[in-house]
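Protein chains in written order, with our numbering: chain A, 1 to 491; chain B, 1 to 402.
Every residue gets a Cβ at the ideal spot worked out from N, C-alpha and C, and that includes glycine.
Here is the structure we will look at, set down as structure tokens.
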């Protein structure tokens, strides 16, 4: 009997503020902290905590025979930093050795389609984050929305990955089965293909009472799995299936508790992706000439780049790549990358008027037009910021670096009259002094830079850092940047 | 034998004031196409010659009753009637005039034979109830707007509200033009849900005489050269939110140079709106057209770059369908029925002028947004036809009543 490879994708986007035309150029943050917090806390309660609890119990109950793999996006991990107990609940599962972390793009982006350089950068950022939090380096890769095409295989292979998760789309497989391993065409990397029928039975149809197989019992489900001919059944889905897409009331948690037990009872075992590629051999090369994803019935990219608004927004966003990276400004680069998250483009999808409610349910906006307007206003704000920086005059840079008569009085008795002194002062001050001036309630350094020196950009950056070392570094970077501007204008 | 519908309206081409006349026209035409007979009873302005007979069919009989019925104060001069009526929106003696109209109808009701009564909005409701009483035939009331919509929360005419309430009670079936209105009459008139059937309006060309399709070399074309055109088109009355349009226009013009606002329509607030445009300092950017002929309206739809409908309460809003048909992206009030059909539009809260301006600026600045809204909006309009909607009325309502 074929083994089950059970994989969940865990992700939350960082949603945008209702950024209006009038906000352009006002130096307003793009991300809706409050709404993101609200959504995140809801999903933690409804999905992450109860699901992780069940998974951990299953591992213990089955003596480690139940196995599971996850990919957790960087955007979610970042948001979860304020909820250490949630991170810990994932950590506990991973520490059992029965769970494997899968790599992906940090920002859950479509960079693989628009900029391979950016794609690689985001994979590395994700690796770094996983190392930081879980101390693990992933060997298996999944691209955003399982988007795959031959070239992606080559790049991912070059980064040291052994296998990629992809959609077992009929248009690729034709007469072949998704229940075997395949080798990527032109790349030395294994493909694990999603069994979409058995995956979607849980992910999409579980609570659909008009489905002829409803209600889905563990017994029924596993009897289907047991009929599969092949080595492996890849059951891939969004983690949020449990408790969010399928509500608790639908019985989804009971199903999750019981189906693995039922499987093991019938002699069906679970494998991690990295075990699967050792245990089984690929049966053939598989050619993915065009992009394939796991979305909608078309299994293509139309949910993200199907209409002109989406295409335009994406082209605009990626056309800024060079200019953004050239700023070397951490904040603006990070904001630009957060804008790459695929969800922003999904919200602009106009297919959902016809396609049923799947898209609509996940859309925080009234309409795709609203989503596009907000996104484009932000793009224009970024452009303006880039222009503003580029056009800054030598005189302005000199002014910011000069001495000011309204000096900064530090709590430890020192005084600063310019950015150089602020930089050195920050480096040498005690942590107590720093947190006396910069804490959750206020940030005196940022305020002084804003009100006296009148450098909005540096003031904003200072507000976001968490330690005196970081603050000192930020000031140092700004000084270098301004000095460069002065030098350039002299030349 | 063909079944016969006794229809009572108060607008019929060429005398069209609002959407109702258009609905009556298309509905009647489709009913006749579907082999039903229609007696159309309508008030007819006494001082006007019936210049254009719209369409003739042996199955259609139009009965006109000379009357001054005209609920809005369009032709003040001709009628010589005070405008300090109820709410300042109606003629002072409208209630008496409606009573007189009802009485005149009685003669015709007794003379004619029919299978069902179908009447449109409050001015015809009493005549409808009377017809039901006399001939014991089922009564369908078709609601295009209620006193609550017209009153805009500023107070309503109790007598009219009562006429509406009574008609909803007496009716065998109520047709509303949207779910938005259905919910309203369930809540405020205490009507049972199963008594109501929603039949959305469709788009249909209401200009009957296609020969008149002259190229309109309007003087407007010079004023709008090389400029984007933002269009308001509707009665200039509180219900339609004209003030919000102008206030949003002010904000837009601060951020977008080459723009012209065409303010088309006539109504009791027109003078006030002209004053407001002066006060806001945008009088040079707003073109007030006054009342327009059908072909002029069509011309405006064709040249506009975006259509804005900031209605306070819009039971349907057929102009938005028309605008979308002629290729305008539409920005429409959340308080409207048309949004249920015109899904590819941008929704706004009528009071949020800053957001209206934000959305107008987006459509003006982001060409691709304009393009997608245009394409998809037109598709929405084409999804619903008068033939389909008439079919719905016959199958879901008439068939069950007669």
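(request) Under 7 Å Cβ to Cβ from residue 33(B), same chain only, skipping five residues before and after it: list those, please. (result) Here residue 33(B) corresponds to residue number 33 of the second chain, with the count starting at 1. No residues qualify anywhere along the chain.
(message) Using C-beta distances below 8 Å, list every residue in its chain close to residue 443(A), excluding the 5 sequence neighbours before and after it, in chain order.
(response) Taking the first residue of the first chain as position 1, residue 443(A) is located at position 443. Result list for residue 443(A): 437, 462, 463, in chain order.
(message) Between residue 345(A) and chain B, is the shortest Cβ-Cβ distance under 8 Å, so that the two count as touching?
(response) Taking the first residue of the first chain as 1, we reach residue 345(A) at position 345. Closer than 8 Å: no.
(request) Rounded to whole angstroms, what's the CA-CA distance from residue 98(B) to residue 121(B)? Just pull it up for me. (result) Counted from its first residue, the second chain places residue 98(B) at position 98. Counted from its first residue, the second chain places residue 121(B) at position 121. Those two C-alpha atoms are separated by around 12 Å.
(message) With a threshold of 8 Å, are at least 3 pairs of Cβ atoms found where one atom belongs to the segment 13–29 of chain A and the other to the segment 82–89 of chain A?
(response) no
(message) When you compare the CB of residue 383(B) with every CB in chain A, is at least one pair closer than 8 Å?
(response) Within the second chain, residue 383(B) is the residue found at index 383, counting from 1. With 8 Å as the cut-off, residue 383(B) does not count as an interface residue toward chain A.
(request) Could you please tell me which residues of the segment 349–376 of chain B, in chain order, have their CB closer than 8 Å to any CB of chain A? (result) 354, 355, 357, 358, 359, 361, 362, 365, 366, 368, 369, 371, 372, 373, 376
(message) Would residue 39(B) and residue 101(B) qualify as a contact pair, given that the criterion is a beta-carbon distance under 8 Å?
(response) For the purposes of this step, residue 39(B) is taken as residue 39 along the second chain, with counting starting at 1. For the purposes of this step, residue 101(B) is taken as residue 101 along the second chain, with counting starting at 1. No, they are not a contact pair.
(message) What are the residues in the segment 107–123 of chain A lying within 8 Å of chain B by C-beta distance?
(response) Residues: none.
(message) Which same chain residues end up closer than 8 Å to residue 219(A) when comparing Cβ atoms and leaving out the 5 residues on each side of it in sequence?
(response) For this step, residue 219(A) is matched to residue 219 along the first chain. Hits under 8 Å: 262.
(request) Look up residue 44(B) in the DSSP assignment and give the residues it is bridged to. (result) The count along the second chain starts at 1 and reaches residue 44(B) at position 44. Answer is 66(B).
(message) Against chain A, with Cβ distances strictly below 8 Å, would residue 347(B) count as a contact?
(response) As a first step, residue 347(B) must be located in the second chain, where it is residue number 347. It does: the Cβ of residue 347(B) has a partner Cβ on chain A nearer than 8 Å.
(request) Examine chain A for any beta-carbon lying closer than 8 Å to the beta-carbon of residue 255(B), and answer yes or no. (result) Numbered from its first residue, the second chain carries residue 255(B) at position 255. Output row for residue 255(B): interface = yes.
(request) Determine whether the Cβ of residue 521(A) lies closer than 8 Å to any Cβ atom of chain B. (result) Residue 521(A) falls outside the range modelled here, since chain A spans only 1 to 491, and no answer is possible.
(message) So, with DSSP's three-state summary, where would you put residue 446(A)?
(response) As a first step, residue 446(A) must be located in the first chain, where it is residue number 446. Here residue 446(A) sits in helix by DSSP.
(request) Would you kindly work out how many angstroms separate the C-alpha atoms of residue 399(B) and residue 369(A), rounded to a whole number? (result) Counting from one through the second chain, the residue named residue 399(B) turns up at place 399. Counting from one through the first chain, the residue named residue 369(A) turns up at place 369. So the two alpha carbons sit approximately 41 Å from each other.
(message) So residue 256(A) and residue 72(A) are supposed to be a Cβ contact under 8 Å. How far apart are they, rounded?
(response) For the purposes of this step, residue 256(A) is identified with residue 256 of the first chain, where counting begins at 1. For the purposes of this step, residue 72(A) is identified with residue 72 of the first chain, where counting begins at 1. Not confirmed; about 18 Å, so no contact.
(request) Mark residue 390(A) as exposed unless 16 or more other C-beta atoms lie within 10 angstroms of its C-beta, in which case mark it buried. (result) What you label residue 390(A) is simply residue 390 of the first chain in a count that begins at 1. Looking at its Cβ environment, which holds fewer than 16 other Cβ atoms inside 10 Å, residue 390(A) is exposed.
(message) Please state whether the Cβ-Cβ distance between residue 195(A) and residue 234(A) is less than 8 Å.
(response) Taking the first chain and counting its residues from 1, one reaches residue 195(A) at position 195. Taking the first chain and counting its residues from 1, one reaches residue 234(A) at position 234. Going by C-beta atoms, residue 195(A) is nearer than 8 Å to residue 234(A).
(request) Tell me whether residue 112(B) sits in a helix, a strand or coil according to DSSP, three-state version. (result) By 1-based counting over the second chain, the position of residue 112(B) is 112. Residue state, collapsed to three classes: coil.
(message) Can you pull the chain B neighbours of residue 308(A), defined as C-beta to C-beta under 7 Å?
(response) Residue mapping note: residue 308(A) aligns to position 308 of the first chain, counting from 1. Near residue 308(A) (Cβ distances below 7 Å), the residues of chain B are 368, 371, 372.
(message) So, for residue 415(A): in the same chain, excluding its five sequence neighbours on each side, which residues have a beta-carbon less than 7 Å away from its beta-carbon?
(response) Taking the first chain and counting its residues from 1, the one referred to as residue 415(A) is at position 415. Within the same chain, residue 415(A) has close Cβ partners 407, 408, 409.
(message) Am I right that residue 10(B) and residue 58(B) are in contact with their C-beta atoms under 8 Å? What's the rounded C-beta distance?
(response) Taking the first residue of the second chain as 1, we reach residue 10(B) at position 10. Taking the first residue of the second chain as 1, we reach residue 58(B) at position 58. Not really, about 25 Å apart at Cβ, beyond 8 Å.
(message) Check this for me: beta carbons of residue 287(B) and residue 306(B), under 8 Å apart or not?
(response) Sequence index remark: in the second chain, residue 287(B) carries index 287 (1-based). Sequence index remark: in the second chain, residue 306(B) carries index 306 (1-based). No; because the gap between Cβ atoms is not below 8 Å, this pair is not in contact.
(message) Under 8 Å, Cβ to Cβ, is there at least one residue of chain B near residue 416(A)?
(response) Position 416 of the first chain holds residue 416(A). So, not an interface residue.
(request) Using a cut-off of 7 Å between C-beta atoms, extract the partners of residue 366(A) located in chain B. (result) Stepping through the first chain from its first residue, residue 366(A) is reached at position 366. Those within 7 Å of residue 366(A) in chain B are 347.
(request) Check whether the Cβ atoms of residue 289(B) and residue 264(B) sit closer than 8 Å, and answer yes or no. (result) On the second chain, position 289 is the one that residue 289(B) refers to. On the second chain, position 264 is the one that residue 264(B) refers to. Yes, Cβ-Cβ distance for residue 289(B) and residue 264(B) is below 8 Å.
(request) Show which residues of chain B have a CB atom less than 9 Å away from the CB atom of residue 378(A). (result) Mapped onto the first chain, residue 378(A) falls at position 378. Simply none; closest approach about 12 Å.
(message) For residue 369(A), would you say it is in contact with chain B, using Cβ-to-Cβ distances shorter than 8 Å as the test?
(response) Residue 369(A) sits at position 369 when you count from the first residue of the first chain. Chain B, which has a Cβ nearer than 8 Å to the Cβ of residue 369(A), makes this yes.
(message) Taking the alpha-carbon of residue 205(B) as reference, which of 198(B), 319(B), 343(B) has the nearest alpha-carbon?
(response) The count along the second chain starts at 1 and reaches residue 205(B) at position 205. Comparing Cα-Cα distances from residue 205(B) to each of 198(B), 319(B), 343(B), the minimum goes to 319(B).
(message) Does the distance between the C-beta of residue 344(B) and the nearest non-hydrogen atom of the ligand MG fall short of 7 Å?
(response) Because no ligand of any kind appears in the structure shown, any question about the ligand MG cannot be addressed here.
(message) According to DSSP, residue 288(B) sits in a beta bridge with which residue or residues?
(response) For the purposes of this step, residue 288(B) is taken as the residue at position 288 of the second chain. Bridge partners of residue 288(B): 263(B).
(message) Do residue 153(A) and residue 184(A) have their beta-carbon atoms positioned less than 8 Å apart in this structure?
(response) As a first step, residue 184(A) is located in the first chain; it is residue number 184 there, counting from the start. As a first step, residue 153(A) is located in the first chain; it is residue number 153 there, counting from the start. Yes, they are a contact pair.
(request) Check residue 487(A) in the structure and name its three-state DSSP category. (result) Here residue 487(A) refers to the residue found at position 487 when the first chain is read from its first residue. Looking at residue 487(A) - three-state DSSP - the assignment turns out to be helix.
(message) Within a Cβ cutoff of 7 Å, which residues of the same chain sit near residue 351(A), ignoring the five residues on either side of it in sequence?
(response) On the first chain, residue 351(A) is found 351 positions in, with the first residue counted as 1. 302, 303, 306, 359.
(request) State the Cα-Cα distance for the pair residue 19(A) and residue 228(A), rounded to the nearest angstrom. (result) For this step, residue 19(A) is matched to residue 19 along the first chain. For this step, residue 228(A) is matched to residue 228 along the first chain. Their backbone Cα atoms lie some 50 Å apart in a straight line.
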